[in-house]
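Under my numbering, the residue at position 55 of the sequence shown is numbered 62, and the numbers go up by one with no gaps.
Don't be surprised by glycine CBs; every beta carbon is placed ideally from N, CA and C.
The structure displayed is predicted, hence computed values, not measured ones.
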Amino acid sequence: QLHQREADIEFNLCEEVAIRITDYDFSKIVEEIIDNAIKFSKPGTAIKVTSFYDQDYFTFTVTDHGCGMSQKQINAIGAYMQFERWLYEQQGSGLGLAIVKRFVELYDGSIIITSVPQKETSVTIRIPRCG
């Protein structure tokens with residue numbers, strides 16, 4: 008799926024910064040968030056991936072333009088919910104963002120999801136910096 012949508016992904020990333028998470032776990036988080044954005048966005052729309060850091064945290068955000076999420080769905084993340092397949096017609100376990108939430112919390116980070124149904128969704132993670 009990524010290769011089909013590769014041209015639709017826009018990156019605006021900061022330089023490398025040391026954060027308190029293993030490379031494997033961070034890679035898994037990024038993979039899950041981007042995979043989710045690809046699955047639930049409309050073909051031909053851009054997926055934006057941005058990052059920046061401040062004195063204490065590294066912040067990573069993925070924004071897609073697709074079906075969006077209701078506040079009820081956002082609140083259910085971590086309760087191992089599954090999206091209504093009949094509505095979104097997507098494949099997947101529905102565990103992607105729940106996995107992301109667990110990984111981020113293991114490293115004293117946070118996840119913020121904002122969404123406008125039928126328009127866009129942004130998933131932002133904040134991970135503490137080293138030092």
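Item	Value
Cβ neighbour criterion (16 or more within 10 Å) applied to Cys74	buried
Residue of Glu22, Ala83, Pro135, Cys137 minimising C-alpha distance to Ile120	Ala83
Per-residue DSSP class, three states only, for Arg109	helix
Reduced DSSP secondary structure (H/G/I, E/B, other) of Met88	Low confidence applies here, because Met88 scores a pLDDT of 43, under 50, leaving its location unreliable and the question unanswered by this model.
For Gln80, the nearest candidate out of Val123, Pro135, Asp15, Arg133 (CA to CA)	Val123
Thr128 classed as buried or exposed, judged by whether at least 16 other C-beta atoms fall within 10 angstroms	buried
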